[in-house]
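Notes follow once the structure below has been shown.
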Amino acid sequence: MFSRFRKALYPLKQRLRDVFRYPVVQLDDTSYNTYWHERNLRVDSLNNFQKERARMAADSMKQGSSILDIGCGNGAILCAIHAQKTMKELIGVDVSDDALALASANGIRPIKANITSDQEREVLPRTDYICLFEVIEH
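Just so it is clear: in the sequence shown, position 136 is 139 by our numbering, and no numbers are missing.
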């Protein structure tokens, strides 16, 4: 009986592992412009972990809302959320000009800001949702 129970829970274990395991990225250079220039990622370049995060976020949001993504990178996660639920406005905040250029090309309204600065944080627009994906570990 235990074997059947264990076998039935295995797919759930695998799914939870995929959702909560963070892909390891090692940066030799702390310049985020260099990082994004070298990656040159497309909007469809999300891994399964990121796709699942976007799906979970979209499930908790109302369609037609505005979203501010701090550390938006190329805007791929915002685009994935928008593909699941049409949003009124997608705003991406980043310190990297290269990342913001990619985000802008993907239809994201770019804002260059360093959120560690009180003055720069104060000028961020009000939105229905604020996201912060894959920022803290950087």
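Even for Gly, the Cβ is constructed at its ideal location relative to N, Cα and C.
- DSSP places Leu81 in the helix class (H, G or I) of the three-state scheme.
- Unbroken alpha helix (DSSP H) runs of no fewer than 4 residues, entirely contained in the region 55-125, are found at 79-87, 100-108 and 121-125, following chain order.
- Pairing Thr89 with Leu12, the inter-Cα distance amounts to about 34 Å.
- By the beta-carbon neighbour count (other beta carbons within 10 angstroms, threshold 16), Ile94 is buried.
- For Ile133, the enclosing beta strand (DSSP E) begins and ends at Tyr132 to Cys134.
- Taking all protein chains in view, the Cβ of Asn109 is crowded by 16 or more other Cβ atoms within 10 Å, so the residue is classified as buried.
- With 16 or more other CB atoms across the displayed protein chains lying within 10 angstroms of its CB, Leu71 is buried.
- Annotation: Asp100 to Gly78 spans about 13 Å, alpha carbon to alpha carbon.
- Our two residues, Asn36 and Met64, have alpha carbons roughly 31 Å apart in a direct line.
- Between Asp97 and Cys75 the beta-carbon gap is near 5 Å, inside 8 Å, which marks them as a contact.
- Contact check for Pro113 against Leu127 fails: the beta carbons are separated by 8 Å or more.
- Of the candidates Glu41, Ile80, Asn50 and Ser69, Ser69 places its Cα closest to the Cα of Thr130.
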